[in-house]
Amino acid sequence: MSDDLDAVLDSWRVRPIGAIARATSGTMNETFLVPTATGPVVLRRHQRTDRREIQHEHQVIAHAIGRGVPVPEVLVTPAGERLVEHAGRFYSLFAHAPGTQVTKADLTPPHAHAMGTMLARLHLVLADFDSGAAAHWGLSAASPATAARTPVPTRAATLRRLRDVLAEVERREQGPDERLAAGQLRGWVAWWEANAGPRLPDPPGVDTTQPIHGDYQETNLFFEGERIVAVIDWDRARHHCRAEEVVRTLDLSFQLRPALCTAFLAGYRTLLELTSAQLDAAAGRYGFSRLHAPWLHETIYLRGENRLRVFLRAAGPGFTPFPDSWATLRRQLA
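The working numbering numbers the first residue of the sequence shown as 7 and each following residue consecutively.
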């Protein structure tokens, strides 16, 4: 492993002065912290195998940096390349992000307000990014025109997926994670057995659909105090509903806690309008996808990605359908 990484880093003429450490965070790519004589840098081994997709990520990053967004720069090799291929994998090298990360448990309303303001700033900056060149790999897959051609998950198919992964979890030796996962999945199966489930809401209007970051949450932000000084991990940047990205952050970062959600929305609305009706419409689509997407359990137990177990634990025991949680939050916000 170390020799492999040394060979890759040589493309940038980078010489580590200590042990290379693999970051424990990250769900798609492998990230390595590299100490050098001039300061640390970050090496990413991309999961994606299509060069054009990674180049698109680099283009989005360059666009954001050009508009003043604090994003760690993609470093260039002496040959002028931002992307290096080695042994069938692609690598990028990034400047090290300043500041520190804040855990979910330590987020405060001022952090949340700063996160809302920064997301609105990103949406303003990305609104005029020309994403047309990336349409060949599905950047616009969330647009209304394309959504009509995307297969809609069914109750029967989702129940099959849930039962399959539950059977695998129950087959395993029952450690704390397995007991937690089994409880979540049993509750999920029971909910679907007792409910027909919601209809997929209509796509949002084009006024809220644009290029977005795609994975905006506290794990991809660095703070100095309560100020955001770096936004990382742009590999999921795509054309999507900006209001749905707001809802996703309320769920994943704040677990729909009212004080943090209120501060986040207040920060977002300092720069961009976002009505309650737009939020509810976005929450309907996001909630529909959550009900039909046991991807976390499948990725851990069917594909062996144990790095995601942290998200399993963060979800907590049992199963609460997102539409119910959203309805509770909306009453509290009102």
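From the three backbone atoms N, C-alpha and C, an ideal C-beta is built for every residue, glycine too.
Q) Which value, in whole angstroms, describes the spacing of the CA atoms of THR109 and PRO159? A) Cα to Cα, THR109 sits roughly 33 Å from PRO159.
Q: Compute the Euclidean distance between the alpha carbons of ASN312 and THR334, then round it to the nearest angstrom.
A: About 32 Å.
Q: Using a threshold of 8 Å, state whether the C-beta atoms of PHE270 and ALA118 are closer than that.
A: Cβ distance < 8 Å, so PHE270 and ALA118 count as in contact.
Q.
Distance check for THR55 and ALA13, CA to CA, integer angstroms please.
A. Looking at the two C-alpha atoms, the distance is approximately 19 Å.
Q: Look at the Cβ atom of TRP194, then the Cβ atom of PRO300, and state whether they are nearer than 8 Å.
A: With contacts defined by Cβ atoms closer than 8 Å, TRP194 and PRO300 form a contacting pair.
Q | GLU59 versus LEU262 - alpha carbon distance | A | Going by the C-alpha atoms only, they are around 32 Å apart.
Q: Have a look at GLY203, ALA68, GLU224, THR42 and flag the residue whose alpha-carbon is nearest the alpha-carbon of ASP257.
A: Among GLY203, ALA68, GLU224, THR42, the Cα nearest to that of ASP257 is on GLU224.
Q | Cβ-based neighbour list, THR164, same chain, cut-off 7 Å, excluding 5 preceding and 5 following | A | Result list for THR164: TRP198, HIS298, in chain order.
Q: Enumerate, from N- to C-terminal direction, the unbroken alpha helix (DSSP H) stretches of 4 or more residues contained entirely within the segment 176-201.
A: Along the segment 176-201, the alpha helix (DSSP H) occurs as fully enclosed runs of 4 or more residues at 182-200, listed in sequence order.
Q: Apply the 10 Å Cβ neighbour rule to GLU50 and answer buried if 16 or more other Cβ atoms are within range, or exposed otherwise.
A: The residue you asked about is not Glu; residue 50 is Arg in the sequence shown. With a threshold of 16 other beta carbon atoms within 10 Å, ARG50 meets it and is buried.
Q | Through-space distance from LEU172 to ARG319, alpha-carbon basis | A | When the Cα atoms are used, ARG319 and LEU172 turn out to be separated by approximately 16 Å.
Q.
Looking at the strands, I want to know which residues DSSP matches up with ALA76.
A. The question names Ala, yet the displayed sequence has Pro at residue 76. BP columns for PRO76 are empty, so no partner.
Q: Enumerate in chain order the residues of its own chain whose CB-to-CB distance from GLU230 is below 6 Å, with the five nearest sequence positions on each side excluded.
A: Excluding residues within five positions, the ones whose Cβ falls inside 6 Å are GLY105.
Q | Where ILE306 falls, given that 16 or more other Cβ within 10 Å makes a residue buried | A | Counting the other Cβ atoms within 10 Å of the Cβ of ILE306 gives 16 or more, which makes it buried.
Q) How should ASN226 be labelled, buried or exposed, when 16 other C-beta atoms within 10 angstroms of its C-beta is the threshold for buried? A) Buried, because 16 or more other Cβ atoms sit within 10 Å of the Cβ of ASN226.
Q: Apply the 10 Å Cβ neighbour rule to SER282 and answer buried if 16 or more other Cβ atoms are within range, or exposed otherwise.
A: Exposed, since its Cβ has fewer than 16 Cβ neighbours within 10 Å.
Q) Considering HIS303, what are the terminal residues of the beta strand (DSSP E) in which it resides? A) Where HIS303 is concerned, there is no enclosing beta strand (DSSP E), although the alpha helix (DSSP H) it sits in stretches over 301-307.
Q. Just how far apart, CA to CA, sit ARG166 and GLU87?
A. So the alpha carbons of these two residues sit roughly 45 Å apart.
(Q) Looking at the strands, I want to know which residues DSSP matches up with THR106. (A) PHE229.
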